[in-house]
Amino acid sequence: MKSTNHGRIGVVVDHCGGALSSLLDEDMIQYVAGLPQVVSCHHDEDLLSSGGLEKFNDRWKETRIDRLVIVGASPKVYEASFRRVRETGRLNPYMILVANVREQVLWAICDTEQAKQKAKALVAETVRRAGCLQPIGREKTDVSRHVAVIGDGVVAMKAALGLADAKIPVTLVTDSHPIGEDMTELGHFHQGPADPRGWWGEMVERVKSHPELELKTSTDLRDFEGSFGDFQLTIETPGGTLETIRTSAVILAMGYESAPQREAIFGSDRFVPLSQVATMLETDRPGQVDRKPAAFRTVGFVLDLVNEAFPIDSANAIRHAISLRRDHDCSVYVLCRDVKVSLQGVEAQYRRAREVGVVFIKYDDPPRFSFVNGQINMDVKDVSSRMRGDEYTLSICADRVVLNERFLSSKRSQTLAKALGVPLDREGYAMVDNPQFGPVKASRRGVFVVGGCRYPQPMEEALTEAEAAVLEAKQLVSRKEFGYDLAVAEVDPAKCALCLTCARVCPHSAITIDRYAEKNIYATDGYGREMTWDAARVLPVQCYGRGICVGSCPTKAIDLKHQTDHEISVHLTA
Amino acid sequence: MTSFVPRIVAFCCDKSAYVAADRAGRLGSSLPASLEIIRVPCAGRVDVIHVLQAIEQGADGVLVFACHEDNCHSLTGNRVVQVRIDRVHRLMEEIGLERERLELRHVASTNGAKFAQIVERKFQELETLGPSPVR
Chain A
121 MKSTNHGRIG VVVDHCGGAL SSLLDEDMIQ YVAGLPQVVS CHHDEDLLSS
171 GGLEKFNDRW KETRIDRLVI VGASPKVYEA SFRRVRETGR LNPYMILVAN
221 VREQVLWAIC DTEQAKQKAK ALVAETVRRA GCLQPIGREK TDVSRHVAVI
271 GDGVVAMKAA LGLADAKIPV TLVTDSHPIG EDMTELGHFH QGPADPRGWW
321 GEMVERVKSH PELELKTSTD LRDFEGSFGD FQLTIETPGG TLETIRTSAV
371 ILAMGYESAP QREAIFGSDR FVPLSQVATM LETDRPGQVD RKPAAFRTVG
421 FVLDLVNEAF PIDSANAIRH AISLRRDHDC SVYVLCRDVK VSLQGVEAQY
471 RRAREVGVVF IKYDDPPRFS FVNGQINMDV KDVSSRMRGD EYTLSICADR
521 VVLNERFLSS KRSQTLAKAL GVPLDREGYA MVDNPQFGPV KASRRGVFVV
571 GGCRYPQPME EALTEAEAAV LEAKQLVSRK EFGYDLAVAE VDPAKCALCL
621 TCARVCPHSA ITIDRYAEKN IYATDGYGRE MTWDAARVLP VQCYGRGICV
671 GSCPTKAIDL KHQTDHEISV HLTA
Chain B
966 MTSFVPRIVA FCCDKSAYVA ADRAGRLGSS LPASLEIIRV PCAGRVDVIH
1016 VLQAIEQGAD GVLVFACHED NCHSLTGNRV VQVRIDRVHR LMEEIGLERE
1066 RLELRHVAST NGAKFAQIVE RKFQELETLG PSPVR
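Chains as they are written, first to last, in the working numbering: chain A, 121 to 694; chain B, 966 to 1100.
Here you go:
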């Protein structure tokens, strides 16, 4: 075992504005100052508010300390200020440990005497651990000014144009051809542009002619490697040739799909998919004398058999219901589990629908369909009736029943997401790293995910996500260099058995396999001289320093720079 | 009643349990002085050898804390550590160590009270169980 008896340790005792004074009496200070390897011990009234560690620089220079222990509050409280420490040049921020005597001792232990003993033990252990710290450097990587966008719908086009307009060269890759031919997405708006087709056409034109935008249609993604700032995207062009695009970041902007509910349809054309109601209404305008309104006198919308979580169907159904009632004088029923009004303007629309006489019925048990005299009969138990103590089933005979289509994640999106290292959820939608704090960032640094491939969303929301991704990507590629600490995992290539566990288990796709090991401990004697071996290699730019790979390696060929196995060992050994 | 004070080693993941441990005191709960907290970047960092070392060094009980299922900040960390804990449980059974001396628990960063409660329950359980035979 490596000796931990080295290092000149400085201690800073942070009184936290007086909060720790009861703990930090004469006895404690003497104890701390007398610990092995401690060469200096300074006090501070309140480290955080008094401007940090810089003021000790001169004193440290005198005592020549090379590592520091702070006795004070939780390390989480100090960590933001550690970065400034590197800038002053005196101390490496990874040569600092914190003894958490405020949150985890003073505040957590009732008995004062026990708290004091515990504080002593904690400081002693932290000082001991400080002995095995190693400085960790900082590196920079060049960032090429280029972003790739993968997708063919309006969200992909918006993202690509957003970057191109910011004078960032962008390549838009899609497997379809020509771009913008399939306009199904226009139906995904809740409140779309006044002239959707015109708006769409304009966007397609801009994409085709923008000087900063390179368009690659009928192009498939074959491989994806590298790190942020230096990704290699391998594509197959229509001719069949493979090409590599070097790019700094990738935005995945694919949509979702929908499929009609086959189960309820019974092959009857009296069941109308929700997406076709608009067409149905368009072709049957009021005032056209030839049209027989009797074609459909009663219309039922049945929602929430699928897509229960999404408000867009509710919004569309209410809109169409009002139209049918007001303009076509139909009887309209809307059957649903909940009336979802969370999109803009839908609450007011719901009120209007009720005012014009649309009947809303809430159900728990799905309605049952049958055919009666050529009409569709819907049997539904009205939930509101149950609450009043009665429970009866309504039977509604409708000429047309509208069913919303089931939203599905698209197989193409899934394939692309997998190729990019973006994990999928249970329904096959692409997952971002943290929906709250980074809604468009994937867990792989430099990769972004926007649009319907994340979850079925109204087009306006998807377009906002595209703007967000553009902002994020702009921020990343606008600097020429990206700085990162080497607080990452590192492989000793000689020990790597190439089991690939680390590469598979890493959630950030930060581990690759390269031919770079000059020796391999599993080689039999005499074999493998003058040979370079394949071994796992961590891409430091992509590594988040979590250590899952380190915990998984069966040969302990990989270690975590900022918390080595040795350090944990030292911590556990009294 | 002897004055046996169970020593508990808790591996706390940086994103959930360590923050919860910080919060425990602030929220009016208390932690036993014999609790040793080892901060790790992710529960997935904790390997079989670390748990065994803790037991070898005389811990009466070992708790490994992770984010809730499906909520791991690193996606897979809490799942991979579960596999390793199961492995150590099998080893413990083989050598005659009570399986209650090692447990994987899930906490959220906000739940300081739950963290304290888990530690307290384990403490009481270990008081009944007695000192680790390894000691």
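Just so it is clear, CB atoms sit at the ideal spot from N, CA and C, and this is done for glycine as well.
inquiry  = If the criterion is Cβ atoms closer than 9 Å, does the pair A:LEU659 and A:ALA630 meet it?
reply    = yes
task = For B:PHE976, collect the residues of the same chain with a Cβ closer than 6 Å to its Cβ; drop the 5 residues on either side in sequence, then sort them by chain order.
result = ILE1003, VAL1005, VAL1011 and VAL1029
request  = Give, in chain order, every residue of the segment 273-305 of chain A whose Cβ lies closer than 8 Å to some Cβ of chain B.
outcome  = none
Where A:ASN554 falls: helix, strand or coil (DSSP) = strand
ask   = Which residues of chain B have a Cβ atom closer than 8 Å to the Cβ of A:ILE668, listed in chain order?
value = CYS1007, GLY1009, ARG1010, SER1039, THR1041, GLY1042 and VAL1045
key: Cα-Cα separation between A:ARG411 and A:THR418, rounded to whole angstroms   = Reliability of the predicted coordinates at A:ARG411 is poor, the pLDDT of 49 falling under 50, and no value is obtained from them.
inquiry  = So, with DSSP's three-state summary, where would you put B:CYS1037?
reply    = coil
ask   = Which stretch, first to last residue, makes up the beta strand (DSSP E) that contains A:PHE421?
value = 418-422
query = What is the DSSP secondary structure of A:PHE491, counted as helix, strand or coil?
reply = In this structure, A:PHE491 counts as strand in the three-state DSSP scheme.
ask   = By Cβ distance below 8 Å, which residues in the same chain neighbour A:ARG258 in space, the five residues on each side in sequence not counted?
value = ARG206, GLY603, TYR604, ASP605 and LEU606
request  = Give a yes or no on whether 9 Å exceeds the smallest Cβ distance from A:HIS308 to chain B.
outcome  = no
request  = Please determine if the segment 255-270 of chain A and the segment 303-316 of chain A are in contact, where contact requires at least 3 C-beta pairs separated by less than 8 Å.
outcome  = no
Test item: CB-CB of B:LEU992 and B:VAL1084 under 9 Å = With respect to B:VAL1084, B:LEU992 sits apart: the two C-beta atoms are not nearer than 9 Å.
task = Within 10 angstroms of the Cβ of A:GLU638, are there 16 or more other Cβ atoms? Answer buried if so, exposed if not.
result = exposed
ask   = Beta-carbon separation of A:ILE355 and A:ARG342 under 9 Å?
value = Against a cut-off of 9 Å, the Cβ pair of A:ARG342 and A:ILE355 comes out as a contact.
4-residue-minimum alpha helix (DSSP H) runs that sit fully inside the segment 1039-1089 of chain B, ordered along the chain = 1042-1060
ask   = Are the beta-carbon atoms of B:ASN1043 and B:ALA1073 separated by less than 9 Å?
value = no
request  = Measure the beta-carbon distance from A:ASN427 to A:ARG488 and round it to whole angstroms, keeping in mind my assumption that it falls under 8 Å.
outcome  = Actually they do not touch by this definition, with Cβ atoms about 20 Å apart.
ask   = Looking at the C-beta of B:ALA1081, does it have a partner C-beta in chain A at a distance below 9 Å?
value = yes
key: Contacts around A:GLY548, its chain only, beta-carbon distance under 7 Å, and the 5 residues preceding and following it disregarded   = Correct list, in chain order: SER529 and GLN534.
message = Is there a Cβ of chain B sitting closer than 9 Å to that of A:THR693, yes or no?
response = yes
task = At 7 Å on the CB atoms, spell out the chain B contacts of A:LYS238, in chain order.
result = ALA998
message = Per the DSSP calculation, A:HIS162 is bridged to which residue(s)?
response = A:VAL132
inquiry  = Quick check on the DSSP output: the beta strand (DSSP E) that includes A:THR367 runs from which residue to which?
reply    = In the DSSP assignment, A:THR367 falls within the unbroken beta strand (DSSP E) covering 362-367.
key: Where A:TRP227 falls: helix, strand or coil (DSSP)   = Coil, per DSSP.
query = Hey, how far is the Cα of A:ASP654 from the Cα of A:GLU245?
reply = Going by the C-alpha atoms only, they are around 40 Å apart.
request  = Sort A:PHE430, A:GLU402, A:GLU467 and A:LEU425 by Cα distance to A:LEU444 and report the nearest one.
outcome  = Looking at the Cα atoms, A:GLU402 is the closest of the given residues.
ask   = Of all Cβ atoms in chain B, is any one closer than 9 Å to the Cβ of A:CYS144?
value = Checking the displayed sequence, the identity of residue 144 of chain A turns out to be Leu instead of Cys. No, its Cβ sits nowhere closer than 9 Å to a Cβ of chain B.
task = Grab the span of the alpha helix (DSSP H) containing A:LYS278 for me, first residue to last.
result = 274-285
ask   = How about A:GLY321: is its C-beta nearer than 9 Å to some C-beta of chain B?
value = The Cβ of A:GLY321 sits no closer than 9 Å to any Cβ of chain B.
ask   = Should the segment 663-675 of chain A be called in touch with the segment 609-627 of chain A, which here means at least 3 C-beta pairs below 8 Å?
value = yes
ask   = Going straight from the alpha carbon of A:VAL597 to that of A:VAL590, what length do you get?
value = 10 Å
query = When the Cα atoms are used, what is the spatial distance from B:GLN1047 to B:SER1097?
reply = Cα-Cα distance, rounded: 22 Å.
query = In chain A, which residues lie less than 7 Å from B:ALA982 when you measure between Cβ atoms?
reply = When 7 Å is used as the limit between beta carbons, B:ALA982 is near no residue of chain A, the shortest such separation being about 12 Å.
ask   = Are any of the Cβ atoms in chain B nearer than 9 Å to that of A:LEU155?
value = no
ask   = Quick one: which chain B residues come within Cβ less than 7 Å of A:ALA228?
value = ALA989, GLY990, SER995 and LEU996
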